[in-house]
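*Asks:*
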Amino acid sequence: MKKWTWSLADVLDLEFFFIRDQDIQKQDNKETPAERNRRIYLAVKDSCPPEDENGRSSCLLRRWLSARRTEFLQQKNDDNILPGRLFDELMRISSRAFFLLSFIGGWGAALSYLHYAGKTPVNVATFLALFVVSQLLVLTILLFFLAAGRLRTRPPLPLTYGLVRRMVFFLAAKISRLAPQTGPGRHLAAISGNIHRYSELYGPIFILPFFLLVQLAAIGFNLGVEAAILLKVVGTDVAFGWQSTLQAGAEGVFHLVRLIALPWSWALPAGIGYPTLAQIQGSRMVLKEGIYHLSTGALASWWPFLCLCVAFYGLLPRLLLYISGRMALDRLLRRLPFDAAAHRQLLHAMTTPRLATTAAVEQKGEHKQPPAESEPEPEPAQVVGTGGGGQALVLIADEIFSDCPWEEFAELAHRRTGVQPGKYLVFDEPGDDEELFFHEIKQALGPDINSVLILQEAWQPPIEEFFAFLDDLRAIIGKKLLITILLIGKPTPHTLLTEVRDRDYTIWQQKIIAQGDPYLQCLRLLNPR
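Adding 126 to a residue's 1-based position in the sequence shown gives its number in my numbering.
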């Protein structure tokens, strides 16, 4: 099954709705996000064939996004403009502006240099240095970093990518602070403020559009130079020549010119695509002799060579880079795994029948099943997407280990996350015997473990030692293994598993988001809203 085609606007809108749902959870709504997600799934599930798991995940997310867009645009608000559409409009305007301004810049620069008053011909060597060699130097630097990055198994263009990446994040921070807090600006600010968090997930996807803008500007510049050359040649009498203080003969210059003209010399030979030896001899300028002894035909023979140099060494590489960038962006969008915490949680919420989960334990030690209020349709819970249906490694603090009702916890955790708790590890406090504890984690990890669950009391404020522990844990288990912090409230004399207060959940959620790890999430174990 072919995966759904995604665009950058789709990705922005998807992340926007994730952020929007986080705000909605704090409000009193008739329909909770979980109920709405389930409703959308029941309406679209038959339109996504189940043959391919990854393709079905992409299809379900795309259908969910389409439904959310429709509902959002139906709202009677003045600010119902989605950030994806706004981004598309900004990129369209920026592309045209970059191209037009660069075209005018190339046109003006070439016209000013090609000014000929009938006394001194245009110096071919200086023209090539300004409009061709300079671009080749930039291109060589790009190719060097590309080759160096691949040889070192690092991301391509590490220096350029890093600089552009910092620039994008700087602009995102500026947009987040300066955008108006009403209307479309508020939506764009919400997205720009979270770009950094998803840089590891989406990588160059957010960088390539700006790379394409640069290539489009370079294309416009070279087209402006070409247009200026043709205009001067057609509308005025321009003479081109060469000179050198070195004892360079015409034959040496001819061999160099023929070497430069190799890409097109097979179709445009000497006399058409580049000057002949006689024309080169007839266009050499000697300071004390002036230009009156030079051949008129030889002085005019250089312009096709200059046009072709700009086309092959300036315009063509930029066209290839632009096309390659477009293809790379399309390829990255097609290969989006949609396996981050937000994607998995949405897919799990969509495919799992709604059940009311509340603390129903009357006395400590009695593991009663939480009351379940299922939907009318007798449909079993489905697991869609990467990581679904596997086992989890559970990390739990020693101080709550003995009071935890394991059967009830396992059922609630499976219902909440879609993974079954498999192995349990107990730790004292973050920072105590970490080396031994991380060694035990390495031993516990296996092919059947696809996520890590951490049971945490939300009434205790998040401390820096805990997040330092998470950083060390991430280094041990890898970048893409899902870490889920299951939050519980303050224990009662009857049970450990209690509901989390909204204020405590908000504090933990904000701290988790600030970590910038797309494979890290915190969830309420009980009564998810």
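Note that the Cβ used here is the ideal one computed from N, Cα and C, for glycine as well.
Can you check whether the CB of Ser421 is closer than 8 Å to the CB of Ala343?
*Replies:* Within the sequence shown, the letter at position 217 stands for residue 343. Within the sequence shown, the letter at position 295 stands for residue 421. No; because the gap between Cβ atoms is not below 8 Å, this pair is not in contact.
*Asks:* Which stretch, first to last residue, makes up the beta strand (DSSP E) that contains Ile614?
*Replies:* Taking the sequence shown and counting its residues from 1, one reaches residue 614 at position 488. Leu608 to Ile614 is the extent of the beta strand (DSSP E) around Ile614.
*Asks:* Leaving out five residues on either side along the sequence, give the residues of the same chain with a beta carbon under 6 Å from the beta carbon of Ile575.
*Replies:* Taking the first residue of the sequence shown as position 1, residue 575 is located at position 449. For Ile575, where only same-chain residues beyond five positions count, the Cβ hits under 6 Å are Gln517 and Leu519.
*Asks:* In chain order, what residues of the same chain have a beta carbon less than 6 Å from the beta carbon of Arg280, not counting five sequence neighbours either side?
*Replies:* Locating residue 280 in the sequence shown gives position 154, counting from the first residue. Bear in mind that the predicted position of Arg280 carries a pLDDT of just 46, short of 50, making it unreliable; the figure below should be weighed with that in mind. Cβ neighbours of Arg280 beyond the five flanking positions: none.
*Asks:* Can you round the beta-carbon distance between Val364 and Val248 to whole angstroms, since I take them to be within the 8 Å contact cut?
*Replies:* In the sequence shown, the residue the question calls residue 364 occupies position 238. In the sequence shown, the residue the question calls residue 248 occupies position 122. Sure, about 6 Å apart at Cβ, within 8 Å.
*Asks:* Taking 7 Å as the line, does the beta carbon of Pro547 fall inside it for any heavy atom of the ligand MG?
*Replies:* This structure simply doesn't include the ligand MG, nor any ligand for that matter.
*Asks:* Please state if the CB of Glu537 and the CB of Leu551 are separated by a distance shorter than 8 Å.
*Replies:* Counted from its first residue, the sequence shown places residue 551 at position 425. Counted from its first residue, the sequence shown places residue 537 at position 411. Contact: no.
*Asks:* Give the single residue among Glu561, Pro479 and Leu168 whose Cα lies nearest to the Cα of His540.
*Replies:* The residue given as residue 540 occupies position 414 in the sequence shown. Selected option, being the one with the closest Cα: Pro479.
*Asks:* With 16 other CB atoms within 10 Å as the buried threshold, where does Phe347 fall?
*Replies:* Translated into positions along the sequence shown, residue 347 becomes position 221. The residue is buried, with at least 16 neighbouring Cβ atoms inside 10 Å.
*Asks:* Kindly give me the distance between the Cβ atoms of Tyr631 and Ala584, rounded to whole angstroms, as I take these residues to be in contact under 8 Å.
*Replies:* For the purposes of this step, residue 631 is taken as residue 505 along the sequence shown, with counting starting at 1. For the purposes of this step, residue 584 is taken as residue 458 along the sequence shown, with counting starting at 1. 6 Å between Cβ atoms; contact.
*Asks:* So, at 7 Å on beta carbons, what are the nonlocal neighbours of Thr618 in its own chain, with the 5 sequence-adjacent residues on each side left out?
*Replies:* Counted from its first residue, the sequence shown places residue 618 at position 492. If we look at Thr618 and ignore the five residues flanking it on each side, its Cβ neighbours are Thr624.
*Asks:* Which residue marks the beginning of the beta strand (DSSP E) containing Val578, and which one marks its end?
*Replies:* Looking up residue 578 in the sequence shown gives position 452. Ile575 to Glu583 is the span of the beta strand (DSSP E), which, as asked, contains Val578.
*Asks:* Among the residues of its own chain, which have a CB less than 6 Å from the CB of Ala387, if the five just before and after it don't count?
*Replies:* As a working note, residue 387 is residue 261 in the sequence shown. The answer, listed in chain order, is Gly399 and Tyr400.
*Asks:* Can you give me the C-alpha to C-alpha distance between Ala193 and Pro330, rounded to a whole angstrom?
*Replies:* As a first step, residue 193 must be located in the sequence shown, where it is residue number 67. As a first step, residue 330 must be located in the sequence shown, where it is residue number 204. Roughly 28 Å between the two C-alpha positions.
*Asks:* Helix, strand or coil: which one does DSSP assign to Pro330?
*Replies:* For the purposes of this step, residue 330 is taken as residue 204 along the sequence shown, with counting starting at 1. DSSP places Pro330 in helix when its eight states are reduced to three.
*Asks:* What first and last residue would you give for the beta strand (DSSP E) that runs through Leu521?
*Replies:* As a first step, residue 521 is located in the sequence shown; it is residue number 395 there, counting from the start. Element bounds for Leu521: Gln517 to Ala523.
*Asks:* Please look up how many angstroms separate the CB atoms of Ser220 and Leu339, rounded, as I've assumed it's under 8 Å.
*Replies:* Position 94 of the sequence shown holds residue 220. Position 213 of the sequence shown holds residue 339. The pair is a contact, with the Cβ atoms about 6 Å apart (cut-off 8 Å).
*Asks:* Can you list, in chain order, the residues of its chain with a C-beta nearer than 7 Å to that of Arg650? Leave out the 5 residues immediately preceding and following it.
*Replies:* The residue labelled residue 650 in the question sits at position 524 within the sequence shown. Counting only Cβ-Cβ distances below 7 Å, and skipping sequence neighbours, we find Leu613, Val626 and Tyr631.
*Asks:* Contact check, Leu581 vs Ile633 under 8 Å by CB: the rounded distance?
*Replies:* Numbered from its first residue, the sequence shown carries residue 581 at position 455. Numbered from its first residue, the sequence shown carries residue 633 at position 507. Actually they do not touch by this definition, with Cβ atoms about 17 Å apart.
*Asks:* So Val436 is in the alpha helix (DSSP H); what residue range does that whole segment cover?
*Replies:* Here residue 436 is taken as the residue at index 310 of the sequence shown, counted from 1. From DSSP, the alpha helix (DSSP H) with Val436 extends over Trp429 to Val436.
*Asks:* Quick one: using the 10 Å Cβ neighbour count with 16 as the cut-off for buried, is Gly375 buried or exposed?
*Replies:* By one-based count along the sequence shown, residue 375 stands at place 249. Exposed, because fewer than 16 other Cβ atoms sit within 10 Å of the Cβ of Gly375.
*Asks:* Measure the alpha-carbon distance for Ser238 versus Arg444 and round it to whole angstroms.
*Replies:* Here residue 238 corresponds to residue number 112 of the sequence shown, with the count starting at 1. Here residue 444 corresponds to residue number 318 of the sequence shown, with the count starting at 1. One C-alpha to the other measures close to 23 Å.
*Asks:* Quick one: is His474 buried, meaning 16 or more other Cβ sit within 10 Å of its Cβ, or exposed?
*Replies:* Within the sequence shown, residue 474 is the residue found at index 348, counting from 1. Buried.
*Asks:* Please state if the CB of Leu472 and the CB of Trp190 are separated by a distance shorter than 8 Å.
*Replies:* Counting from 1 along the sequence shown, the entry for residue 190 is found at position 64. Counting from 1 along the sequence shown, the entry for residue 472 is found at position 346. Yes, the pair counts as a contact, with Cβ atoms nearer than the cut-off.
*Asks:* Exposed or buried, what is Val264 when buried is set at 16 or more other beta-carbons lying within 10 Å of its beta-carbon?
*Replies:* The sequence position of residue 264 within the sequence shown is 138, counting from 1. Answer is exposed; the Cβ neighbour count stays below 16.
*Asks:* Looking at the secondary structure, which residues open and close the alpha helix (DSSP H) in which Pro619 lies?
*Replies:* For the purposes of this step, residue 619 is identified with residue 493 of the sequence shown, where counting begins at 1. Neither: Pro619 is in no alpha helix (DSSP H) and is coded neither H nor E.
*Asks:* Can you tell me whether Cys185 is helix, strand or coil according to DSSP?
*Replies:* The residue you call residue 185 lines up with position 59 of the sequence shown. Here Cys185 sits in helix by DSSP.
*Asks:* If you follow the alpha helix (DSSP H) that Arg457 is part of, which residue opens it and which one closes it?
*Replies:* As a position in the sequence shown, residue 457 is number 331, starting the count at 1. Start and end: Leu442 to Arg460.
*Asks:* What does the Cβ neighbour count give for Thr308, buried or exposed, with the cut at 16 atoms within 10 Å?
*Replies:* Residue mapping note: residue 308 aligns to position 182 of the sequence shown, counting from 1. In this predicted model, Thr308 has a pLDDT of only 47, less than 50, meaning its place in the structure is not dependable; the value taken from the coordinates is given anyway. Exposed, since its Cβ has fewer than 16 Cβ neighbours within 10 Å.
*Asks:* State buried or exposed for Gln341, treating a residue as buried only when at least 16 other CB atoms are found within 10 Å of its CB.
*Replies:* Residue 341 sits at position 215 when you count from the first residue of the sequence shown. By the 10 Å Cβ count, Gln341 comes out buried.
*Asks:* Grab the span of the beta strand (DSSP E) containing Tyr550 for me, first residue to last.
*Replies:* Indexing the sequence shown from 1 puts residue 550 at position 424. Gln546 to Phe553 is the extent of the beta strand (DSSP E) around Tyr550.
*Asks:* Among Phe225, Val259, Glu533 and Leu208, which residue has its Cα nearest to the Cα of Leu140?
*Replies:* Here residue 140 refers to the residue found at position 14 of the sequence shown. Cα-wise, what sits closest to Leu140 is Leu208.
*Asks:* At what residues does the alpha helix (DSSP H) containing Leu649 begin and finish?
*Replies:* Taking the sequence shown and counting its residues from 1, one reaches residue 649 at position 523. Here Leu649 belongs to no alpha helix (DSSP H); instead the beta strand (DSSP E) covers Leu646 to Arg650.
*Asks:* What residues match up with Gly367 in a beta bridge as DSSP calls it?
*Replies:* Translated into the one-based positions of the sequence shown, residue 367 becomes position 241. Gly367 pairs with Asn249.
*Asks:* Using C-beta distances below 8 Å, list every residue in its chain close to Leu357, excluding the 5 sequence neighbours before and after it, in chain order.
*Replies:* As a first step, residue 357 must be located in the sequence shown, where it is residue number 231. So the qualifying residues of the chain are Leu237.
*Asks:* Anyone know if the C-beta pair for Ile609 and Leu622 falls short of 8 Å?
*Replies:* The sequence position of residue 609 within the sequence shown is 483, counting from 1. The sequence position of residue 622 within the sequence shown is 496, counting from 1. No; because the gap between Cβ atoms is not below 8 Å, this pair is not in contact.
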